[in-house]
Amino acid sequence: MMCNFAPTPFRLVEKMRIIIPLAILLFLTNISEAQDYTWWNTKHNWDGKTPWQNYMTLSAKYTGPNALPVPEITTGKLPKSSFLEVGIAGHISGGDQTVNGVLNTIIKAGKKAALGIYFVPYEVYNMDTNTSRNIRNTRDYDGQGNSVGDVYISGYYQILTHQKYRPDILLTFGVKTASGNNLEAARFTDAPGYYFNLSIGRTIPFKALNFTSIRHYIMAGMYVWQTYSSQYKQDDAVLYGAGIELTHPHFIIEEQVGGYFGYINNGDRPVVSRLSIRSNRDKLINYKLLYQQGFVDAPYTTLVISTTINLDRIKQSLIKDKEFNSTTTAP
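When the sequence shown is numbered by the working numbering, its final residue is 380 and no position is left out of the sequence of numbers.
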């Protein structure tokens, strides 16, 4: 008796001929929906020609907290040792809540020079509709997502070292790369920049309340970044800052105030206050807690918790282990 149906393998082939095209169609439909900016075009009366970036304001006030932050406020001197800082930061504003990782390292090259790298490896954000669509004019429909941040590469050179009648003087210069993504959501600018500054500081004895010393410093320089504006190809900002550092045998308290004053005046004049406390132990690992409050064009309140690893101690330990192994294996 002949069967009136095909063997099982042939039936599977027939089914796959239907399923595969259907799956491809659904996939393409999802891509089309994800890339559909009709709502944005209508809302902002897009003329179909002007680059959509021109409808956004790429300044500290109208972007995410890691897009154009106030750079490091330098203290006039290099750190005592090379270090790697690993931490997590939380930022809160009226319409934007952000959490991101922090990677920061400074590698010393002798007593007068050092190389620094700062990076936001991952950022998760949640913007309300008004902030995302109306205030920042982003193309992020729901205002939620994640991003990878910019890399900042800095060079430091110790011009003078503190002596009896002279302060510490440190020259800093660096670049902001365009490695950050998600320009559509105003998380990063996808544009390069550079900065340089000169900081002057001095440490004096301070014996009150069991402290050992107090340090005061000031900083001034320039911060420049590329824009998408047809009128201003770049924004030039005066960079400034000052701070006080109190050292205790077990911890260090530091207060800084600084910011930059942009030329365009489109939300490019942020001011921040940074209060930090960090452990002061002669150990491999130390801990740091930083609270930052933004003012003027800096709409965020920030809290950072981090761990600092002394890379020089690791290097010394490796050298000792190598010397020990060489001694024990010698004939």
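Using N, Cα and C, we set each Cβ at its ideal position, and we do this for glycine too.
Exposed unless 16 or more other CB atoms sit within 10 angstroms - verdict on residue i
i           : result
residue 299 : exposed
residue 173 : exposed
residue 187 : buried
Cβ shell of residue i (< 7 Å), same chain only, five flanking positions each side left out
i           : result
residue 317 : 108, 109, 284, 286, 311 and 346
residue 131 : 155, 156, 157, 360 and 361
residue 81  : Here the model assigns residue 81 a pLDDT of 40, short of 50, so the residue's position is not dependable, and the following value carries that caveat. Result list for residue 81: empty, nothing under 7 Å.
residue 190 : 88
6 Å Cβ shell around residue i - same chain, five flanking residues per side excluded
i           : result
residue 252 : 262 and 264
residue 341 : 321, 323 and 351
residue 146 : 175
residue 301 : 327 and 329
residue 89  : 188
residue 238 : 107 and 116
Residue i - DSSP class collapsed to helix/strand/coil
i           : result
residue 99  : coil
residue 180 : helix
residue 215 : strand
residue 121 : coil
residue 257 : helix
residue 55  : Low local confidence applies: a pLDDT of 46 at residue 55 is under 50, so the model's placement there is unreliable, with the coordinate-based value given in what follows. Coil, per DSSP.
residue 90  : helix
residue 384 : Limits of the chain in this structure are 50 at one end and 380 at the other, which puts residue 384 out of reach.
residue 366 : helix
residue 277 : coil
residue 85  : coil
Residues that residue i bridges to, as DSSP identifies them
i           : result
residue 381 : Any answer about residue 381 is impossible in this case: the structure gives the chain only from 50 up to 380.
residue 246 : 221 and 270
residue 300 : 328
residue 105 : DSSP, once it has assigned bridges, lists no residue as partnering residue 105.
residue 163 : 157 and 205
residue 186 : None, per the DSSP bridge assignment.
Beta-carbon contacts of residue i that lie in its chain and below 8 Å, excluding the five residues immediately before and after
i           : result
residue 334 : 356, 357, 358 and 359
residue 102 : 232 and 277
residue 259 : 297 and 298
Beta-carbon separation (whole angstroms), residue i vs residue j, contact threshold 8 Å
i           : j           : result
residue 273 : residue 228 : Not confirmed; about 18 Å, so no contact.
residue 198 : residue 168 : 6 Å
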